[in-house]
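Peer 1:
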DNA sequence: ATCCATACAGTCCAGATCGGACGGTATGCG
DNA sequence: CGCATACCGTCCGATCTGGACTGTATGGAT
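Residue numbers (the working numbering), protein chains in the order written: chain H, 2 to 178; chain U, 2 to 178.
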């Protein structure tokens, strides 16, 4: 049974565990404002995945009768157990990165001479911008306690951004200096 | 035409540009030893993608007659132009990360009290190991000039690993200290 | 009241991707 | 010669993807 579950499944289970019963749209917004920062999600999956989890007995659905037939999903005990088991088990996979800029750098020999410098400039600017956004978020949120707890993951994102910035900056120095 | 190309397409084009004419299996090995470190590839795509690129006129295929019918792919001029154009154009997308450990950290409130500490320990160990592997690679390769050039991307990987290590270490300090 | 614009909520689908199972072919070794 | 083990390639169902599309509420201007 556990074999059938993907990270996506756990995102759904986990979000419902943190926020309580939710509709797909709730999930979409919640994910957008949180995990979405470090893990990309197409919203369509947040509509199909909960149904799968209902079939597996990890969620219960409650259909609302009003004008809009929405379905609210809540955790079953099995679902909560499954989530806890996942949290407790070792994490074998290593993180994966997909970085177009890094790909381009790898193939730079094939391109024109100035390309690396331009690429590096571009990346330095992009990372600086992201860092500013993150820091802004942190400032605005550190006061709210509940949210602050979850900000811990943002710190990792920030570390990553700084690492990338350092890399591209030093590359830029080497290339243009 | 350019719209039909995915990052995968450029990996194939780029690898052939760097290594010369290649079979799918050549690509598989080359990718495994290089880009594979920072960009995951299922091998099946390295068998289907080149054919697509032939259909688009970016590669030429040459079927070998011997016992095994292998197909060797080489760049066409159009293919080289397409690759160069891609290298020269701005890179809009931001890098994406998928990190199971980070997901678990995000949902940690739902789990047991000791989980974060265990997770952090685990990650510290894992990142240390990867760093060792990278550094070993660098040492072995810096002498070979052609390869050394391409090692530049490894430096980014290394920076990322260090960033992650710093993060999990400091988290571990906070949690267990 | 009626109309339009806009945000909100959900569905759908045709590709792209995925990984793993499988089947053939060479190579080495007892 | 026969077997095991790598090497090489194909195939397929299951997922994932993003974007187009439908419909529903809201609210302001007319």
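Every residue gets a Cβ at the ideal spot worked out from N, C-alpha and C, and that includes glycine. Every value quoted in this text rests on a predicted model; they were computed, and no experiment measured them.
Where does the unbroken alpha helix (DSSP H) through residue 113/H begin, and where does it stop?
Peer 2: Looking at the DSSP string, residue 113/H is not in any alpha helix (DSSP H), and its letter there is neither H nor E.
Peer 1: Would a C-beta distance cut-off of 8 Å place residue 95/U and residue 131/H closer than the cut-off?
Peer 2: Yes. Within cutoff.
Peer 1: DSSP three-state label for residue 107/H, please.
Peer 2: It is helical.
Peer 1: Pick helix, strand or coil for residue 68/U, following the three-state DSSP scheme.
Peer 2: Below a pLDDT of 50, predicted positions are generally treated as unreliable, and residue 68/U, at 49, falls in that range; the measurement from the model is reported next regardless. Correct three-state label for residue 68/U: coil.
Peer 1: For a minimum of 3 consecutive residues, which ranges assigned as the beta strand (DSSP E) are wholly contained in the region 24-72 of chain U?
Peer 2: Listed in chain order, the complete beta strand (DSSP E) runs (minimum 3 residues) inside the region 24-72 of chain U are 60-64.
Peer 1: Using a Cβ-Cβ cutoff of less than 8 Å, which residues in the same chain neighbour residue 24/H once the five nearest sequence positions on both sides are dropped?
Peer 2: Excluding positions up to five away in sequence, the list reads 71, 72, 73 and 74.
Peer 1: Take residue 3/U and list the residues in its own chain whose beta-carbon comes closer than 6 Å to its own, dropping the five residues that flank it on each side.
Peer 2: Confidence at residue 3/U is low in this model, with a pLDDT of 43, below 50, so the placement of that residue is unreliable and no value is reported for it.
Peer 1: Would you kindly work out how many angstroms separate the C-alpha atoms of residue 124/H and residue 129/U, rounded to a whole number?
Peer 2: Distance between the alpha carbons of residue 124/H and residue 129/U is about 27 Å.
Peer 1: Between which two residues does the alpha helix (DSSP H) harbouring residue 20/H extend?
Peer 2: Residue 20/H -> alpha helix (DSSP H) spans 8-20.
Peer 1: Residue 98/H by DSSP, collapsed to three states: which one?
Peer 2: Here residue 98/H sits in strand by DSSP.
Peer 1: On a Cα-Cα basis, can you pick out the residue from 106/H, 88/H and 134/H that is closest to residue 10/H?
Peer 2: Minimum Cα distance to residue 10/H is reached at 88/H.
Peer 1: Count the other C-beta atoms from every protein chain shown that fall within 10 angstroms of the C-beta of residue 179/U, then say buried if there are 16 or more, exposed otherwise.
Peer 2: A question about residue 179/U goes unanswered here, because the residues of chain U that appear run from 2 up to 178.
Peer 1: Per DSSP, residue 74/U is paired with what?
Peer 2: DSSP output for residue 74/U lists 23/U and 62/U as bridge partner(s).
Peer 1: DSSP state of residue 2/U, grouped into three classes?
Peer 2: The predicted position of residue 2/U is uncertain, since its pLDDT is 43 and thus under 50; no value can be drawn from it.
Peer 1: Assuming residue 90/H is part of the alpha helix (DSSP H), what are its boundary residues?
Peer 2: Counting along the chain, residue 90/H falls outside any alpha helix (DSSP H), and DSSP gives it neither H nor E.
Peer 1: I need the straight-line Cα distance from residue 30/U to residue 63/H, nearest angstrom please.
Peer 2: Answer to the nearest angstrom: the Cα atoms are 50 Å apart.
Peer 1: Let me know the secondary structure DSSP gives residue 161/U once reduced to three states.
Peer 2: Reduced to three states, the DSSP call for residue 161/U is helix.
Peer 1: Write down the C-beta distance between residue 178/U and residue 108/H rounded to the nearest angstrom, noting that I regard them as a contact closer than 8 Å.
Peer 2: Residue 178/U to residue 108/H, Cβ: 44 Å. No contact.
Peer 1: How about residue 97/H: is its C-beta nearer than 8 Å to some C-beta of chain U?
Peer 2: Yes, residue 97/H counts as interfacial toward chain U.
Peer 1: Please state whether the Cβ-Cβ distance between residue 103/U and residue 154/H is less than 8 Å.
Peer 2: Closer than 8 Å, so yes.
Peer 1: Can you give me the Cβ contacts of residue 100/H inside the same chain, cut-off strictly under 6 Å, excluding the 5 residues immediately before and after it?
Peer 2: Contacts found: none.
Peer 1: Secondary structure at residue 152/H, three-state DSSP: helix, strand or coil?
Peer 2: Coil, per DSSP.
Peer 1: Taking 6 Å as the limit between beta carbons, can you name the residues of its chain near residue 172/H, skipping five residues before and five after?
Peer 2: So the qualifying residues of the chain are 121.
Peer 1: Residue 11/U touches chain H at which residues, Cβ-Cβ below 8 Å?
Peer 2: Near residue 11/U (Cβ distances below 8 Å), the residues of chain H are 104 and 108.
Peer 1: Under the three-state reduction of DSSP, which class applies to residue 80/U: helix, strand or coil?
Peer 2: Three-state result, residue 80/U: helix.
Peer 1: Spatial neighbours of residue 48/H within its chain, please: C-beta separation below 6 Å, excluding the five flanking residues on both sides.
Peer 2: Cβ within range, chain order: 25.
Peer 1: Alpha carbon to alpha carbon, how far is residue 68/H from residue 22/H?
Peer 2: For residue 68/H, the pLDDT reaches just 49, beneath the cut-off of 50, and the residue's location in the model is therefore unreliable, leaving the point undetermined.
Peer 1: Using 8 Å as the limit for Cβ to Cβ distance, is residue 100/U near chain H?
Peer 2: Yes, contact with chain H.
Peer 1: Among residues of its own chain, excluding the 5 on either side of residue 117/H, which ones have a beta-carbon nearer than 6 Å to its beta-carbon?
Peer 2: 109 and 176, listed in sequence order.
Peer 1: Mind listing the chain U neighbours of residue 60/H? Cutoff is C-beta to C-beta under 9 Å, in chain order.
Peer 2: Near residue 60/H there are no residues of chain U at all, since even the closest Cβ is about 14 Å away, more than 9 Å.
Peer 1: Counting only beta-carbon separations shorter than 8 Å, does residue 116/U have a partner in chain H?
Peer 2: Yes, residue 116/U lies at the interface with chain H (some Cβ there is under 8 Å from its Cβ).
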